[in-house]
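This report refers to the structure that appears directly beneath it.
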Amino acid sequence: MQKLFRMNTRNQLFQRSASQIQRSGFSLVELIVVMVIIGLLSSLVAIQTRSYLIASKQNAARAEIATIVSALETFYADQSRYPSNEEGVAVLTEGTANFPDGFLKKLPKDPWGNDYEYISPAADSPFEILCLGGDAREGGEGGDQDISSEELDSGR
């Protein structure tokens, strides 16, 4: 009688192990659901990252415009005039008697790799520095929005 009990116990253990082995993995549907969830989460992260990247480029453009405006104000204090449209902001890198190294070491490019536009005289001020945004064309919305030195003046 004891032998039968032992055999039954071994068979039950073996049967449990076999059934556990068959059920221990994930079904194809479960794997697909997990993959879809991971895909959705990664796309949300990518969209959010892109918006942060655009905002950081716009903030960098504002900071560079503020630097150029400061150099233009220093140029005005030294020369009693602002550069003409023909001279543009390139004159800021040239030396003068009071500033032999120039007002800027080099002219920055906007965060999208384009030159800043210099307009003199502007509508409501002696000059305007303009970044044309990601599309490098006037106008635009979102990441392609133009950024102007006049916008910075109104934000002060």
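Just so you know, UniProt numbering puts 148 at position 148 of the sequence shown, and the rest follows in order with no gaps.
Here a beta-carbon is modelled for each residue, glycine too, at the ideal position from N, C-alpha and C.
A direct Cα-to-Cα measurement between K57 and S51 gives close to 10 Å. In the DSSP assignment, Y82 falls outside any alpha helix (DSSP H), carrying neither H nor E. In the same chain as A61, and ignoring 5 residues on each side of it, the C-beta atoms closer than 6 Å to its own belong to D110, P111, C131, I147, in chain order. Collapsing the DSSP output to three states places S51 in a helix. By the CB criterion at 9 Å, I129 and V91 fall outside the cutoff. A straight-line Cα-Cα distance of about 16 Å links Y82 and Y116.
Our two residues, G102 and D78, have alpha carbons roughly 11 Å apart in a direct line. Only residues of its own chain outside the window of five on either side were considered, and among them none has a CB closer than 6 Å to the CB of I47. Of the candidates S125, G139, I68, P126, the residue whose Cα lies closest to the Cα of L107 is I68. Here I65 is buried: its Cβ has 16 or more other Cβ atoms, across all protein chains shown, within 10 Å. Spatial neighbours of A122 in its own chain (CB-CB distance under 7 Å, excluding positions within 5 residues in sequence) are listed in chain order as E128, E150. Counting only runs of 3+ residues, the beta strand (DSSP E) found wholly inside the segment 93 to 143 occupies 117 to 119, 128 to 131, in chain order.
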